[in-house]
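*Asks:* Below you will find the structure I want to go over with you.
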Amino acid sequence: SHADIFSQMCQAVEMTSEVTVDASAGASVGSPVDPKRSVIHAAAVAEFSARGYAGTSMANIAESAGMSRPALYQYFRNKADIFASAFVALFDDHADAALAALHSNDSVAEQLDGFLQRFEGDLWERMAASPHSDEIMSAKTAHVADAVHAVSVRRVAGLSAYLERVSPGRKAADAARRASWVDVLELSPKGFKFDQPEVSVFRARLTTLARGVAADVER
């Protein structure tokens, strides 16, 4: 399933960037790997969150990143290019953190809770902190949806491998149970957002979900 915030991003505002985003790197395809891109990504996310898409300029991002505007153009063609690259990289980082939680020394319930909190919970908290979240969620670039989908596929694959490890079994019924857990863990958080809950409420719902699935896994 697609990450919820970015699936909503494909509903409204058209932007004209033709940048192709590599979901595994959070960068434009063909761009050199450069640590400065991470600095720009962080600056861009902060500026877009504080000012909104329309209110953020290349000059704002350059200043926040501690570089000149001409230097910024050496890395990105325009604002839409930065927006796509920065937010896909953000999703990729949260996916990495979520998958890492599945390899902790905690209980199954805590591992699953960590998986949900590091992706769904942390992203929800980040968006809730921005007064421009609706604008950010409605913004759209040409290839963001495909890139975020690739991140989601990687995340689901890691979750599936984890569930097979903690609940092995080669029978069709075993595989069906694991698939049902993946569906519940992926789809339930979308419903949890329906009433636009406070961050603490949303996180508590994720914990309840993790505990419920873990109880079924361990029975």
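With my numbering applied, the sequence shown covers 193 to 411. Note that beta-carbon positions come from the ideal geometry of N, C-alpha and C, so glycine has one too.
(1) By alpha-carbon positions, which one of Trp316, Ile232, Ala235 and Met250 ends up nearest to Phe384?
(2) Determine the direct distance from the alpha carbon of Leu377 to that of Val405, and round the result to whole angstroms.
(3) Is the beta carbon of Ser241 less than 8 Å from the beta carbon of Ser322?
(4) When we look at the beta-carbon of Lys363 and count the other beta-carbons within 10 Å, is it buried (16 or more) or exposed?
(5) List the whole-angstrom C-beta distance separating Val409 from Val336, where the pair is believed to meet the contact cut-off of C-beta under 8 Å.
(6) May I have the straight-line CA-CA distance separating Ser277 from His233, to the nearest angstrom?
(7) Between the stretch 287-301 and the stretch 346-364, do at least 3 Cβ pairs fall closer than 8 Å?
(8) With respect to the alpha helix (DSSP H) encompassing Asp285, which residues constitute its N-terminal and C-terminal limits?
(9) Measure the Cβ-Cβ separation of Val374 and Leu351 and say whether it is below 8 Å.
(10) Tell me whether Tyr354 is buried or exposed, calling it buried when 16 or more other Cβ atoms sit within 10 Å of its Cβ.
(11) Evaluate Arg269 with the Cβ neighbour count: other Cβ atoms within 10 Å of its Cβ, from every protein chain shown; 16 or more gives buried, anything less gives exposed.
(12) At what residues does the alpha helix (DSSP H) containing Gly247 begin and finish?
(13) Assign Phe307 to one of two classes, buried (16 or more other C-beta atoms within 10 Å of its C-beta) or exposed (fewer than that).
(14) Label Asp298 either buried or exposed according to how many other C-beta atoms from any shown protein chain fall within 10 Å of its C-beta, with 16 as the threshold for buried.
(15) Below 8 Å between beta carbons: does that hold for Arg310 and Ala293?
(16) Which class does Arg411 belong to by DSSP, given the choice of helix, strand or coil?
(17) Determine the extent of the alpha helix (DSSP H) in which Glu390 is found, giving its start and end residues.
*Replies:* Let me spell this out:
(1) Trp316
(2) 8 Å
(3) yes
(4) exposed
(5) The Cβ separation is near 34 Å, so there is no contact.
(6) 7 Å
(7) yes
(8) Lys271 to Ala293
(9) yes
(10) Buried, since its Cβ has 16 or more Cβ neighbours within 10 Å.
(11) exposed
(12) Here Gly247 belongs to no alpha helix (DSSP H), and DSSP marks it neither H nor E.
(13) buried
(14) exposed
(15) Yes; because the gap between Cβ atoms is below 8 Å, this pair is in contact.
(16) coil
(17) From DSSP, Glu390 is part of no alpha helix (DSSP H); its letter is neither H nor E.
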